[in-house]
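Chain order of the listed sequences is A and B.
Okay, so the first sequence: first residue is 1 according to our numbering, each after it adds one.
Okay, so the second sequence: first residue is 1 according to our numbering, each after it adds one.
Right, one structure below, let's go through it.
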Amino acid sequence: MPLHTVWFLLIAVLFTGYFVLEGFDFGVGMLLPVLGRDDRERRVVINTIGPVWDGNEVWILTAGGAMFAAFPEWYATLFSGFYLPLLLILLALILRGVAFEYRGKRDDAVWKRRFDWCIVFGSVVPAFLWGVAFANIVRGVPLDADHQYTGNLFTLLNPYALLGGLTTLLLFLTHGAIFIALKTVGDIRQRANTLASRVGVAAALVAVVFLVWTVARHSTPLSVTFAVLAALCLVGGLIANRMPSRTDPQGRREGWAFTGTAAAIAFAVAALFATLYPDVLPSTVDPATNSLTVANASSTPYTLKIMTWVALVFTPIVLLYQGWTYWVFRKRIGTHHIPEPAPAPAHTEA
Amino acid sequence: MDATDLARWQFGIVTVYHFLFVPITIGMAFLVAGFQTAWVRTGDEKWLKLTKFYGKLFLINFAMGVVTGIVQEFQFGMNWSEYSRFVGDIFGAPLAMEALLAFFLESTFLGLWIFGWDRLPKKIHLACIWIVAWGTVLSAAFILVANSWMQNPVGFKINTERGRAELTDFWAVLTNKVALITIPHTIAGAFLTGGGLVAAVAVWHLLRRPGRDTAAYRSAAKVGAWTTLVAMVALALTGDVQGKVMTEVQPMKMAAAEALYTTEQPAPFSLFTVGTLDGSRPVYALELPDLLSFLATGTFDGQVQGINDLQAEYEARYGPGDYKPNIPVTYWTFRLMIGFGALASLIALWVLWATRKGRAPDVHTRGGRLLLGGALALPLLPLLANSTGWIFTEMGRQPWIVFGQMKTAMAASPSVGSGDVITSMVVFTLLYGALAVVEVGLLLKYAKAGVPDVSPPPQAESDQDRPLAFAY
Numbered sequence: 001m002p003l004h005t006v007w008f009l010l011i012a013v014l015f016t017g018y019f020v021l022e023g024f025d026f027g028v029g030m031l032l033p034v035l036g037r038d039d040r041e042r043r044v045v046i047n048t049i050g051p052v053w054d055g056n057e058v059w060i061l062t063a064g065g066a067m068f069a070a071f072p073e074w075y076a077t078l079f080s081g082f083y084l085p086l087l088l089i090l091l092a093l094i095l096r097g098v099a100f101e102y103r104g105k106r107d108d109a110v111w112k113r114r115f116d117w118c119i120v121f122g123s124v125v126p127a128f129l130w131g132v133a134f135a136n137i138v139r140g141v142p143l144d145a146d147h148q149y150t151g152n153l154f155t156l157l158n159p160y161a162l163l164g165g166l167t168t169l170l171l172f173l174t175h176g177a178i179f180i181a182l183k184t185v186g187d188i189r190q191r192a193n194t195l196a197s198r199v200g201v202a203a204a205l206v207a208v209v210f211l212v213w214t215v216a217r218h219s220t221p222l223s224v225t226f227a228v229l230a231a232l233c234l235v236g237g238l239i240a241n242r243m244p245s246r247t248d249p250q251g252r253r254e255g256w257a258f259t260g261t262a263a264a265i266a267f268a269v270a271a272l273f274a275t276l277y278p279d280v281l282p283s284t285v286d287p288a289t290n291s292l293t294v295a296n297a298s299s300t301p302y303t304l305k306i307m308t309w310v311a312l313v314f315t316p317i318v319l320l321y322q323g324w325t326y327w328v329f330r331k332r333i334g335t336h337h338i339p340e341p342a343p344a345p346a347h348t349e350a
Numbered sequence: 001m002d003a004t005d006l007a008r009w010q011f012g013i014v015t016v017y018h019f020l021f022v023p024i025t026i027g028m029a030f031l032v033a034g035f036q037t038a039w040v041r042t043g044d045e046k047w048l049k050l051t052k053f054y055g056k057l058f059l060i061n062f063a064m065g066v067v068t069g070i071v072q073e074f075q076f077g078m079n080w081s082e083y084s085r086f087v088g089d090i091f092g093a094p095l096a097m098e099a100l101l102a103f104f105l106e107s108t109f110l111g112l113w114i115f116g117w118d119r120l121p122k123k124i125h126l127a128c129i130w131i132v133a134w135g136t137v138l139s140a141a142f143i144l145v146a147n148s149w150m151q152n153p154v155g156f157k158i159n160t161e162r163g164r165a166e167l168t169d170f171w172a173v174l175t176n177k178v179a180l181i182t183i184p185h186t187i188a189g190a191f192l193t194g195g196g197l198v199a200a201v202a203v204w205h206l207l208r209r210p211g212r213d214t215a216a217y218r219s220a221a222k223v224g225a226w227t228t229l230v231a232m233v234a235l236a237l238t239g240d241v242q243g244k245v246m247t248e249v250q251p252m253k254m255a256a257a258e259a260l261y262t263t264e265q266p267a268p269f270s271l272f273t274v275g276t277l278d279g280s281r282p283v284y285a286l287e288l289p290d291l292l293s294f295l296a297t298g299t300f301d302g303q304v305q306g307i308n309d310l311q312a313e314y315e316a317r318y319g320p321g322d323y324k325p326n327i328p329v330t331y332w333t334f335r336l337m338i339g340f341g342a343l344a345s346l347i348a349l350w351v352l353w354a355t356r357k358g359r360a361p362d363v364h365t366r367g368g369r370l371l372l373g374g375a376l377a378l379p380l381l382p383l384l385a386n387s388t389g390w391i392f393t394e395m396g397r398q399p400w401i402v403f404g405q406m407k408t409a410m411a412a413s414p415s416v417g418s419g420d421v422i423t424s425m426v427v428f429t430l431l432y433g434a435l436a437v438v439e440v441g442l443l444l445k446y447a448k449a450g451v452p453d454v455s456p457p458p459q460a461e462s463d464q465d466r467p468l469a470f471a472y
């Protein structure tokens, strides 16, 4: 297999990891005001991802860095072409990251509410825009002979891309609800399960339409297989979400449900990348000459070889210790686990 | 102002801002790890208090470093697509490795450290913060390798057909002599910053809250001040080597640092100049004879090339054009960097003097009040030194984005208009301004609050129901 194809696969893997992991982070963030009815419940919701969200977010930095290193032309065209959506994503990720860390740092309802909205905004916007971006990557955008993007913001807001955005939004919402159910006890868990069932149906309908549209544009046996698997996993996950838990009458089969939505997201991303290959960014104008492909966008074999060795050695190590984190923090949490807010620092004279 | 100028301003704003937080993160990660190690080794509660106290300040700062760091990785593609196309084969690799090798380590083990107080065995929990600390250094090393390649491109060839630089020797890129000296210099700067902050907060408490947790604050003040002092020595030594490397690979930057227009042997170093720095006779300059020769060459009678000679040389080599960086900016930032750093270390020395042999500074004396002023300046001076140092390094490389290979004027994104850049600049500036207010407010609040009570909480009946040791 040529090295640029290896790197196409690796970047697909990195984005898959990102969407599976940060997907539930986004879902959790979006559901903060829905499932957290008071401050203590909102803290339960946030703390389901407390120790892991930052590590999950590194997947996008690694994917971006890998894109820069392995396909500089792809990185350059995409990031300059999708300028304003990426700006919005950055704004969202900044507000969200700061909000997690700072929300509890003052015992002040207004302060907390503001940061809650930062978390919601910071989760909804990227959950939608990443879908818009990836749908546009698969669909193609106008590029000139120098691989420069020649469209504008509205070029990106086409119906297929907007449907892609809605798909990721709903998928992540479902994924997040199931994750909360998997990580909590008591009332929140039940409400999260109920919500997952409802949103899940909408997510499944929209996702199926989007995947059918995707493979209808450019189908390969592989992309069709992935799309079908994505749909089956999502349906399987939603069925598990309705089945009572064997150990706890209050709960459902959350582990299987989560496996289902995680696999559905992974296969959906795989279907997109399978549809895309061997292009990395097709052009809607003179596609034969102007499209960016794994061949004309990639770095030299020497750079790719070094990068391949580094990835082969270090990716398993990363997976091991990230997996270990999830093991350390495997316990479910409920409102009774939330410590009292640290006593407000006594302000004597300054 | 065209799109390239706007993109440069934006890069300057977001990068200087990002680098306010990074050195604090690096320096404080090691100091907090050190405090926790002292606690695990000795069992003395004061070290646990200091770990938790400075750990909190560290985390407030860390969050800002993380979120502003995402912008850094995205903006090469967003604003500098032609640069990205030209250098991606070389520059992308250290960035990708930084994410894979360092960012994952930092973020994952920091999560374990923050939330793991009651979940992990004591020593494994301690190991987490050390892993974070070394992760920050690894991260700095990779990004400095990338930056050093822009200052002194090595290990590559130009592919004219593809119009890009291609990697031929990755080891040469990793062992770039600019990188090898810039990494220790930058890390030393981070320790100056972290040490200064730790010492300053401790001194403030010793002065304003006398009698409360004195033992803990005395230790913190001493550790912080010693860190600052040792860092300053390291900065001077590494900076000295850096000057000589710079003279070799970027002589124009060295000439610009002194605003030395004509080649001189020996060349003096001016502490400051009153005048325009445009090559005309200055109104007044306080000069130390032969010092620039020493800084640049290591001998007091070495020859230092002047701006005008280098300009002529570059025109012959690279074609017509202006190869001079902004001289007043390079001249002053170079001096201010040294001055701010030196002043910080002097205050650190003063802190050590004031706390020698069990003494505690007293705010009711004139010395104590002065020291309070010093303590307020101490965290800011290293930040200013870091910023001016980087402005010098980057502005001194101009007009090149990759020295000798690509000019900054050719590097911006052609598909991104001025309107887009202005939009993002306004967004970032407003957002960063607001976040600065929030962040500084929190730092002050938690710094003033002082070391926490570390007596263990009452045990719940069962392990299952025990509240988390820490939750957001």
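Built from N, CA and C at the ideal position, the CB exists for glycine as well.
Using a CB distance cut-off of 8 Å, R189 (chain A) does not count as an interface residue toward chain B.
For V71 (chain B), the chain A residues whose Cβ falls inside 8 Å of its Cβ are L90, I94, in order along the chain. Our two residues, A342 (chain B) and D420 (chain B), have alpha carbons roughly 41 Å apart in a direct line. By the beta-carbon neighbour count (other beta carbons within 10 angstroms, threshold 16), V145 (chain B) is buried. For I333 (chain A), no beta strand (DSSP E) run applies, since DSSP gives it neither H nor E.
Beta-bridge partners assigned by DSSP to T293 (chain A): A:D279.
Counting of Cβ neighbours within 10 angstroms places T289 (chain A) among the exposed residues, the total staying below 16. In the DSSP assignment, T228 (chain B) falls outside any beta strand (DSSP E) and lies within the alpha helix (DSSP H) extending over 214-249.
Counting only the Cα atoms, L57 (chain B) lies some 41 Å from A135 (chain A). For Y284 (chain B), the three-state secondary structure derived from DSSP is strand.
Under the DSSP assignment, T108 (chain B) falls in the alpha helix (DSSP H) whose first and last residues are 104-115. For E166 (chain B), the secondary structure class from DSSP, reduced to helix, strand or coil, is strand. Within the DSSP bridge table, the entry for R252 (chain A) names A:P244 as partners. For the stretch 24-47 of chain A, the set of residues with a beta-carbon nearer than 9 Å to any beta-carbon of chain B comprises R43, V44, I46, N47, in chain order.
For V274 (chain B), the enclosing beta strand (DSSP E) begins and ends at 269-274. Secondary structure note for W80 (chain B): it is in no beta strand (DSSP E), with a DSSP letter that is neither H nor E. When DSSP states are grouped into helix, strand and coil, T184 (chain A) belongs to the strand group. By the Cβ neighbour-count rule, M97 (chain B) is buried, with 16 or more other Cβ atoms within 10 Å of its own. When C-alpha distances from V132 (chain B) are compared across B:T108, B:M395, B:A377, the shortest belongs to B:T108. When the five nearest sequence neighbours on each side are left out, the beta carbons in the same chain lying within less than 8 Å of the beta carbon of A409 (chain B) are those of T4, P399, in order along the chain. As computed with DSSP, F156 (chain B) is found in a beta bridge with B:L167. In its chain, beyond the 5 residues on either side, A135, R139, W213 have a beta carbon closer than 7 Å to the beta carbon of Y160 (chain A). Per the DSSP secondary-structure output, W400 (chain B) pairs in a beta bridge with B:K407. Taking the Cα positions, V426 (chain B) is about 9 Å away from Q10 (chain B). Boundaries of the alpha helix (DSSP H) harbouring G368 (chain B): 366-377, taken from the DSSP string.
Looking only at A:G334, A:R40, A:L91, A:F24, the smallest Cα-Cα distance to Y432 (chain B) is reached by A:L91. Not a single C-beta of chain A is nearer than 8 Å to the C-beta of M410 (chain B). Under DSSP, V141 (chain A) shares a beta bridge with A:S283.
Per the DSSP secondary-structure output, V304 (chain B) pairs in a beta bridge with B:E264. Taken atom to atom, the span from the alpha-carbon of V451 (chain B) to that of F62 (chain B) is near 19 Å. Using a 10 angstroms sphere on the CB of L286 (chain B), the tally of other CB atoms stays under 16, which defines it as exposed. Shown here, Y75 (chain A) sits in a helix according to DSSP, grouped into three states.
In terms of Cα proximity to S270 (chain B), the closest of B:T276, B:S280, B:A259 is B:A259. Of all residues in the stretch 102-124 of chain B, only F103, F104, L105, E106, S107, T108, F109, L110, G111, L112, I114, F115, G116, R119, L120 place a beta-carbon less than 9 Å from a beta-carbon of chain A. For A172 (chain B), no Cβ of chain A is located within less than 8 Å of the residue's own Cβ. Contact with chain A is found for S413 (chain B), since one of that chain's Cβ atoms lies less than 8 Å from the residue's Cβ.
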